[in-house]
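Using this note's numbering, the first residue of the sequence shown is number 113, and each one after it goes up by one. Glycine included, every Cβ here is placed at the ideal spot set by N, Cα and C. Have a look at the structure below before the remarks.
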Amino acid sequence: MRAKLGMSPIAWWNDDLAELSDDVSLEECLAQSRSAGFTGMEMGRRFPSDPEIMLPILKQADVTLCGGWFSGTLVDEDMADNKDRIQPMIDLFKAVNAPCIVYGEVGRSIQGDRSKPLATKPRLSDDEMKAYARRLTQFGEWCAEQGMPLSYHHHMAAVVETEPELDAFMRHSGEGIPLLLDAGHMAFAGGDVLRAIDNHHKRINHVHVKDVRMAVIEKLDRQKQSFLDAVALGAFTVPGDGSLDFGAIVERLANYGYEGWFVVEAEQDPKKNPPLKMAQVGYKELMRVMTAAGYTVETQGFPNA
């Protein structure tokens with residue numbers, strides 16, 4: 113089995129919390145990640161939106177674009193609006209040969225609002241979840257028809273956060289909307305990561321290997337503290353520095369034959385946890401557990417052809 117290791121630039125620049133950002137260029141971010149061993153990088157705010165500009169930057173850094181977040185609003189807004197907003201991203205991702213677009217639902221979400229405690233997260237009724245899941249399936253099918261598959265990201269403080277919510281979403285949606293399995297978000301939400309893999313492995317097409325510091329999460333007052341408060345306090349980190357057993361997680365994915373990207377997405381304070389150092393820690397741990405699980409990790413970055 114073959115796998116690729118990527119990173120998210122959120123370790124360098126946080127879009128929601130400016131104070132959790134290093135003043136480094138895109139080129140330096142890519143160089144640091146590549147020097148640690150990663151061959152891919154998900155898109156962040158400092159990436160150009162023109163493939164003619166992006167491709168030379170990626171080639172110089174010897175990395176590929178391995179995904180990127182789209183802020184979807186299908187829980188509230190119509191299909192046409194979301195299609196219009198995602199079309200330029202589809203065109204860009206096709207031009208640079210990215211594997212997928214990560215769909216993150218921001219409709220009703222409190223993930224970017226520091227004034228909203230975790231306990232006030234939005235919740236969908238059974239009928240709302242059914243309708244939402246059907247819309248996502250249709251949207252995912254349309255994106256795939258345009259040549260770019262989606263990967264649905266369950267997320268803290270959003271409408272699909274908990275394991276039961278993910279189960280309901282997956283039950284009512286179809287194969288047209290694949291799943292991004294995020295270990296850290298599932299653990300933060302109190303779910304069982306291995307059980308989620310067991311239940312939904314057939315739809316997983318992208319994986320975020322986000323680790324958590326459970327000691328931080330367990331001390332949170334969810335009636336008062338927000339998702340962003342948790343991030344600032346250090347709830348997330350890289351594999352090898354947190355509480356999750358990535359040996360078991362990676363082995364479970366290997367047992368189901370998952371091949372593709374494993375992306376380290378670990379937002380935290382770069383001054384307390386320098387991104388290059390954390391990238392090195394995460395890469396070392398992932399190589400250890402992936403080798404043990406029988407993966408061959410690809411080392412080629414930007415394609416030679």
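Exposure of residue i, with buried meaning 16 or more beta-carbon neighbours within 10 Å
i: Q199; result: exposed
i: D323; result: buried
i: E397; result: buried
i: T151; result: buried
i: G413; result: buried
i: A347; result: buried
i: S227; result: exposed
i: T349; result: buried
i: A115; result: buried
i: A173; result: buried
i: A245; result: buried
i: S221; result: buried
i: R325; result: buried
Where residue i falls: helix, strand or coil (DSSP)
i: C212; result: coil
i: H462; result: Here the chain comprises residues numbered 113 to 417, so residue 462 is not present and cannot be evaluated.
i: V328; result: helix
i: D333; result: coil
i: G352; result: coil
i: L291; result: strand
i: G296; result: helix
i: L167; result: helix
i: E217; result: strand
i: W124; result: coil
i: N385; result: coil
Backbone CA spacing between residue i and residue j [nearest angstrom]
i: L306; j: L129; result: 30 Å
i: I165; j: N311; result: 41 Å
i: D190; j: T403; result: 45 Å
i: G224; j: V393; result: 28 Å
i: G372; j: G118; result: 10 Å
i: D135; j: G252; result: 35 Å
i: S161; j: L204; result: 7 Å
i: F182; j: I213; result: 7 Å
i: V409; j: Q335; result: 42 Å
i: E139; j: I169; result: 7 Å
i: V328; j: A299; result: 12 Å
i: A405; j: A366; result: 6 Å
i: A280; j: E217; result: 15 Å
i: K171; j: M201; result: 20 Å
i: K383; j: L345; result: 13 Å
i: V271; j: G359; result: 29 Å
i: P276; j: D196; result: 31 Å
i: W254; j: G149; result: 35 Å
i: P211; j: M260; result: 7 Å
i: G354; j: S285; result: 32 Å
i: M399; j: G369; result: 17 Å
Run of the beta strand (DSSP E) containing residue i, from where it starts to where it stops
i: T176; result: 176 to 184
i: R114; result: 114 to 119
i: N416; result: Unbroken run through N416: none, as it is neither H nor E.
i: F374; result: 372 to 376
The ligand NAD heavy atom lying under 7 Å from the CB of residue i
i: D162; result: This structure does not include the ligand NAD; it has no bound ligands of any sort.
Top-ranked residue by Cα proximity to residue i, from the options
i: P415; options: E131, L177, F159; result: L177
i: T249; options: V187, R146, V401; result: V187
i: G288; options: Q258, R235, V328; result: Q258
i: H313; options: W254, P163, Q380, P290; result: P290
i: P386; options: E154, P121, H284; result: P121
i: L167; options: T232, A207, I329; result: A207
i: A342; options: I361, Q380, D353, A366; result: Q380
i: A269; options: A295, L262, K233, Y407; result: K233
i: L340; options: D357, I316, H267; result: H267
i: R146; options: I316, G179, A391; result: A391
i: N209; options: D127, G286, P163; result: P163
i: L332; options: A301, I309, N317; result: A301
i: D193; options: R247, C141, P211, L230; result: R247
i: I309; options: G219, G286, R325, M282; result: M282
i: G352; options: V321, G369, S338; result: V321
i: W124; options: T411, Y407, E377, V401; result: E377
i: V319; options: S355, A295, T185, D127; result: A295
i: H297; options: P229, E240, S285, L356; result: L356
i: A143; options: N317, P229, L388, D238; result: L388
i: N317; options: Y264, E240, F159, G156; result: Y264
i: M113; options: V375, E363, Y395; result: E363
Element boundaries [alpha helix (DSSP H), containing residue i]
i: M153; result: Unbroken run through M153 is the beta strand (DSSP E), 152 to 155; no alpha helix (DSSP H).
i: I222; result: It is not in any alpha helix (DSSP H) - I222 carries neither H nor E in the DSSP assignment.
i: A308; result: 305 to 312
i: V362; result: 358 to 367
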